[in-house]
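Comments concern the structure below.
Numbering (the numbering used here), first residue to last: 1369 to 1602.
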């Protein structure tokens, strides 16, 4: 719900936007400042943007990936849960509040940054990262040996703009993270907290029951699917 305010913040500060896996569907679309996914399944451009910046602003994320968290930057965190403030990193400023409401209050107080050098550098790097990711898509593979990256990219192109995706733990997560684009209407469901197996099939069934008019696509691993064949049969 804070997409508009996040974009306005980036525009005012001339700052790149990296996003977590959970935030991707909500933040990636219509975003000229994006530098990709950060965290365990992230890309190099997002990692370097976080580590090379002077000020890192964490919006509504507890960011559990400690090895990916920079330690020399100034850090500001905004979160609706006070217990999350400063839990993962030393903060220079912590603000407790809804991200949308807090940014609406902060934006009029911020000065406009004119220098775009840092932003331009990070966006250029992100374009190179995207080119590298597409190398896996261009080769569909051999008969009976289809490259999964090619499949994920094709699904992304063919899926509805408001499709609901469910992803099993494992490589299904990686392919969805890197090749399924957020549109502002798509949703992504997974076992993102616990990393438990075989979640995609039951989540897809539940999503289809809850939203019968929307397309539901399940990325099931071989192990996850075999564990849930009973659900599929019934």
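Yeah, the Cβ is synthetic: ideal placement off N, Cα and C, and Gly gets one too.
Check, Outcome
"Beta-carbon contacts of residue 1369 that lie in its chain and below 7 angstroms, excluding the five residues immediately before and after", "1468"
"Stretch-stretch touch, CB-based, cutoff 8 angstroms, three pairs: the stretch 1515 to 1535 with the stretch 1545 to 1559", "yes"
"Own chain residues within Cβ distance below 6 angstroms of residue 1382, not counting five before or after", "1481, 1484, 1487"
"Pairwise C-alpha distance: residue 1572 and residue 1601", "14 angstroms"
"Separation of residue 1507 from residue 1564, as counted between CA atoms", "31 angstroms"
"Where the alpha helix (DSSP H) through residue 1573 begins and ends", "1568 to 1578"
"Nearest to residue 1583 (by Cα), restricted to the options 1591, 1574, 1470", "1574"
"Test item: CB-CB of residue 1570 and residue 1543 under 8 angstroms", "no"
"Contact the stretch 1401 to 1419 vs the stretch 1374 to 1393: 3+ CB pairs below 8 angstroms", "yes"
"Three-state secondary structure (DSSP) of residue 1503", "helix"
"Reference residue 1587, options 1537, 1561, 1435, closest by Cα", "1537"
"Beta-carbon proximity of residue 1445 to residue 1465, cut-off 8 angstroms", "no"
"Boundaries (first-last residue) of the alpha helix (DSSP H) holding residue 1396", "Neither: residue 1396 is in no alpha helix (DSSP H) and is coded neither H nor E."
"Local conformation of residue 1534 per DSSP, three classes", "strand"
"Selected residue, minimal CA-CA separation from residue 1505, among 1495, 1496, 1478, 1521", "1521"
"Strand pairing of residue 1513, partner residues [DSSP]", "1510"
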